[in-house]
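**Q** Pasting in a structure now, in structure tokens, and then I'll have a few things to ask.
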Amino acid sequence: MTEDGFRLLPGRLDRAAQSALATAVLERVGRAPLYTPCMPRTGKPMSVRMTNLGPLGWIADRAGYRYEPVHPGTGAPWPDMPQALLDLWEAVAGWPEPPQACLVNWYAPGARLGLHVDADEDARDAPVVSVSLGDRARFRLGGPQRGGKTRALDLSSGDVVVLGGASRRFHHGIDRIYPDTSTLLPPDWRPGRINLTLRRVD
Ligand SMILES: O=C(O)CCC(=O)C(=O)O
Ligand SMILES: [Fe+2]
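The opening residue of the sequence shown carries number 1 in full-length UniProt numbering; numbering runs sequentially from there.
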């Protein structure tokens with residue numbers, strides 16, 4: 001762990017665990033389809049597609065950023081979080097309560113996620129735990145200030161990142177993915193990357 005509470009756990013999930021998790025997540029994505037979020041006000045579509053698992057889901061649309069208990073397209077509650085994610089949170093988060101939201105991000109080749117701070121949660125002290133599955137990505141980590149110094153690190157399938165302590169409020173994003181660098185996901189989902197972001201909301 002670094003002083004600022006940022007932790008990269010390379011290969012935290014072995015291949016069998018990644019594969020079982022991918023199967024569990026994709027089955028749920030079948031019930032809660034990916035949708036294209038957009039920027040508040042401008043309505044500009046994001047390149048990452050999203051859905052959620054768990055009691056609450058993070059939504060971005062013209063009205064703003066917020067958490068909702070139901071899928072915006074189907075109106076149904078989000079599917080439950082696979083037990084493996086709850087277990088992972090318990091093992092690495094160091095937080096007494098379980099996560100309330102698991103954002104599922106889908107990066108096709110060309111998708112990216114601009115530098116941002118995860119700031120829509122009242123539970124600002126609970127860490128964010130994020131899991132990478134599928135193709136490798138270049139993750140960018142900055143500091144608390146927008147426009148400050150950043151560094152890049154690669155995230156591979158099975159890697160887990162914990163944004164705890166001060167790093168909970170650090171800027172971060174995904175510059176790009178590296179297509180066809182993993183054979184984990186089923187053929188229909190290649191090339192591409194899934195990221196699972198576990199958060200406590202209130
Ligand atoms: O895809 C990633 O690794 C990061 C995702 C992220 O920062 C987010 O969903 O807030
Ligand atoms: Fe984030």
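Using N, Cα and C, we set each Cβ at its ideal position, and we do this for glycine too.
Here's a check: name, in chain order, each residue in its chain whose Cβ is nearer than 7 Å to the Cβ of Pro77, leaving out the five neighbours to either side.
**A** Closer than 7 Å at Cβ, skipping near neighbours: Pro69 and Val70.
**Q** Less than 7 Å separating the beta-carbons of Trp106 and Arg49?
**A** Yes, the pair counts as a contact, with Cβ atoms nearer than the cut-off.
**Q** Given a threshold of 16 other Cβ atoms within 10 Å of its Cβ, counted over all protein chains shown, does Met144 qualify as buried or as exposed?
**A** According to the sequence displayed, residue 144 carries Pro and not Met. Burial call: exposed.
**Q** For the alpha helix (DSSP H) that contains Ala91, what are its first and last residues?
**A** From DSSP, the alpha helix (DSSP H) with Ala91 extends over Gln83 to Val92.
**Q** How is Leu184 classed by DSSP in three states: helix, strand or coil?
**A** coil
**Q** To the nearest angstrom, report how far apart Leu115 and Tyr65 are at their CA atoms.
**A** 15 Å
**Q** Hey, is the segment 75-91 in contact with the segment 21-36, meaning 3+ C-beta pairs nearer than 8 Å?
**A** Between the segment 75-91 and the segment 21-36 there are three or more C-beta pairs closer than 8 Å, enough to call the two in contact.
**Q** Which residues in the same chain as Gly161 place their Cβ atom closer than 6 Å to its Cβ, once the five residues preceding and following it in sequence are excluded?
**A** Sequence check: residue 161 is Val here, not Gly. Same-chain partners within the cutoff: Leu8 and Ser130.
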